[in-house]
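Reviewing the structure listed below.
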Amino acid sequence: MTVNPTTTPTVSFSASTTTICSGAGATFTASALNAGATPTYQWKLNGGNVGTNSTTFATTTLINGDVVDVEVISSDACAAPTLATSGS
Numbered sequence: 000m001t002v003n004p005t006t007t008p009t010v011s012f013s014a015s016t017t018t019i020c021s022g023a024g025a026t027f028t029a030s031a032l033n034a035g036a037t038p039t040y041q042w043k044l045n046g047g048n049v050g051t052n053s054t055t056f057a058t059t060t061l062i063n064g065d066v067v068d069v070e071v072i073s074s075d076a077c078a079a080p081t082l083a084t085s086g087s
């Protein structure tokens, strides 16, 4: 028998630019650790679900004050908890 250690997933993201003009595009890329081989991603804009199950989220509709976050659900059998949020 093999006993694997418990893992804790984490997720963060980076933006394609630090200054975003109104109407211009921005792409966000998630980076997850301890999320298993096939994690699930959920992007959020101001708390609402946006994007698809992807490591990237692209938009041209951001306005000043918008908050982008990403959640990852780990596929690792030993993950506890299984959900991690970027918490920008």
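Residue numbering for the sequence shown follows numbering that gives the first Met the number 0, starting at 0 and increasing by one per position.
All residues carry an ideal CB built from backbone N, CA and C; glycine is no exception.
Source: prediction; values computed, not measured.
Closest residue to residue i among the options (Cα-Cα distance)
i: G50; options: I62, T28 and A36; result: T28
i: A14; options: S73, L82 and V69; result: V69
i: A83; options: T39, A76, C20 and T1; result: T39
i: G118; options: V66, S85 and T7; result: Since the first residue of the chain shown is 0 and the last is 87, residue 118 is not available in this structure.
i: T26; options: N33, W42, T37 and L32; result: W42
i: P4; options: T16, A79 and T59; result: A79
Supposed contact pair residue j and residue i - C-beta distance, whole angstroms, cut 8 Å
i: A57; j: G24; result: 6 Å
Inter-residue Cα distance where the pair is residue i and residue j
i: G64; j: V2; result: 46 Å
i: M0; j: S73; result: 23 Å
i: A76; j: L61; result: 36 Å
i: I19; j: S53; result: 21 Å
Per DSSP, cross-strand counterpart(s) of residue i
i: S78; result: According to the sequence displayed, residue 78 carries Ala and not Ser. BP columns for A78 point to T6.
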